[in-house]
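Student: Take this structure first; my questions come after.
Residue numbers (mature numbering (1 follows the signal peptide of the UniProt record, and there is no 0)): -19 to -1, 1 to 347.
What follows is the structure, given as C-alpha cells:
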C-alpha cells in the first residue's frame, strides 16, 4: 500500500532542499480563469456501492482510465485491496492485497479483473519468476490499439524491511485482449532511469503516441517525453525529446517540466495541451494544478490551482491526480485522485481511506 509519492514526502519533510521551479512553470495565466469544482456523485456512488457490496475490489490507487472499443472504460489500478467490507465500513486484516488490477465499467456494470481466482486473487500482471513480495509491477497509463489494450508497467524491487524501502528498476508494456482482459504478452522496454507511462496522449493528427514519464529524484520530479508511431507502441523504436529534438537515445531525454507527480494526465482541453497533476512542488500538497502549452513538447506554463483535496490532514494524504478526457466535457474536467495514510491502520479502519475520489472541475475564461 506504499506508493511512489511517499518517498518524496518523506524527503521533503526531512529537510532535503528543492530546487526552484523553472520560470516556465511559475508563469501565471494571462488572466485568471474561473474555476469551480464539485464531487462527481455518480461515479462516487457507483464505485462506492460496488466496493462495499461486490465482495471483490474494496479500493485501490492509480485509477487511470481508457475507453475500450465497445464504449466501456477500463480503470487501471496499482495497489489493490480485495475481499469484503465489514459492518463498520472497515477492511478485515486478512484482506487480499495485490499490486495491480483492472475494473471494466460497462455503462455502470462493473467487473473486476485480477490474476489467480475469485477465492485467491493475485495481481493481474506479475514479474516472471519473482517473489511478488520482493519484485512487482505497478500500472501506468494505457492506450488501445485495435482489439488490444496496452498498459505501461513500472517494475519495482524491495530494498529493505521498511515500508518505503523500494526502488524503480525498469519499464515494460502489458498487452490485454479487450474482450476479456486476458493478458497476452509483456514487452520489456529499453533500460532507462525515467519512469515511463505517467501519461499517454494519442495524437491522431500527426500519427504519434506520446508517452510521458517522470524522472523521480524524490524531492524533485521532472516530466520527460517520448513518442512512437501510433499503433506501434510495442513494435517500433521510441524517440525521445531531448533539447528541442527527437533522438533514439533512451537515456538522453530532457526535462520538460518540474513539479509533476508520478502519475498525471495530458489532454487536449479548450484548444491547448493540458497537464493535470498533484502539485509536487510542495510537501504533502493538497493542491491539484494544471499547466498548459500550445505544443505537446511544451513549454508548459500558467500554473493554475484546480482543486484542494479536503482529505489531506494528519496522517492522511492525497496524490496522483489526473484528468480523464473521455469522461470530461467542453469546459469540464473529470479528475480523480488517490487517498492514503502514513498510518496503515487507517486503511483498515475505514475503506474510504484507500479509494479514489472523483471530482468535476469547470474551467472558464482560459
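Think of the CB as a built atom: it goes at the ideal place given N, C-alpha and C, for glycine as much as any other residue.
Going straight from the alpha carbon of residue 327 to that of residue 65, what length do you get?
Tutor: 16 Å
Student: Classify residue 160 as buried or exposed, calling it buried when 16 or more other Cβ atoms lie within 10 Å of its own Cβ.
Tutor: exposed
Student: Expressed to the nearest angstrom, what Euclidean distance is found between the alpha-carbon atoms of residue 2 and residue 51?
Tutor: Since pLDDT at residue 2 reaches only 37, below the 50 mark, its modelled position is unreliable, and no value is offered.
Student: Would you please state the rounded distance, in angstroms, between the beta carbons of residue 167 and residue 134? I believe it to be under 8 Å.
Tutor: Going by Cβ atoms, the distance from residue 167 to residue 134 rounds to 7 Å, so yes, they are a contact pair.
Student: Residue 267 to residue 259, Cα distance in whole Å?
Tutor: Computed Cα separation, rounded: 8 Å.
Student: Where does residue 4 land, buried or exposed, given buried means 16+ other C-beta within 10 angstroms?
Tutor: Reliability fails at residue 4, whose pLDDT of 41 lies under 50, so the model's placement of it is uncertain and the value that follows must be treated cautiously. With fewer than 16 Cβ atoms within 10 Å of its Cβ, residue 4 is classed as exposed.
Student: If you draw a straight line from the alpha carbon of residue 126 to that of residue 215, how long is it in whole angstroms?
Tutor: 10 Å
Student: Which two residues bound the contiguous alpha helix (DSSP H) that contains residue 166?
Tutor: Per DSSP, residue 166 belongs to no alpha helix (DSSP H); it is in the beta strand (DSSP E), 163 to 169.
Student: On the DSSP bridge assignment, give the partners of residue 210 in chain order.
Tutor: 189
Student: Between the C-alpha atoms of residue -5 and residue 313, what's the straight-line distance to the nearest angstrom?
Tutor: In this prediction, residue -5 has a pLDDT of 34, which is less than 50 and means its spatial position is unreliable; what the coordinates show is noted afterwards. Taking the Cα positions, residue -5 is about 38 Å away from residue 313.
Student: Say whether the segment 76 to 83 touches the segment 21 to 34, bearing in mind that this needs 3 or more beta-carbon pairs closer than 8 Å, one atom from each stretch.
Tutor: no
Student: Mind listing, in chain order, the continuous beta strand (DSSP E) runs of no fewer than 3 residues lying wholly within the segment 131 to 161?
Tutor: 147 to 158
Student: On the premise that residue 316 lies in contact with residue 340, defined as a C-beta separation below 8 Å, what is that separation, rounded to the nearest angstrom?
Tutor: 5 Å
Student: Taking only three categories from DSSP, how would you classify residue 294?
Tutor: strand
Student: In the DSSP assignment, find the unbroken beta strand (DSSP E) run with residue 57 in it and report its ends.
Tutor: 54 to 63
Student: Could you check whether residue 238 and residue 257 sit closer than 8 Å to each other, using their CB atoms as the reference points?
Tutor: no
Student: Output yes or no for whether 8 Å exceeds the beta carbon distance between residue 320 and residue 345.
Tutor: Not in contact: residue 320 and residue 345 (Cβ atoms no closer than 8 Å).
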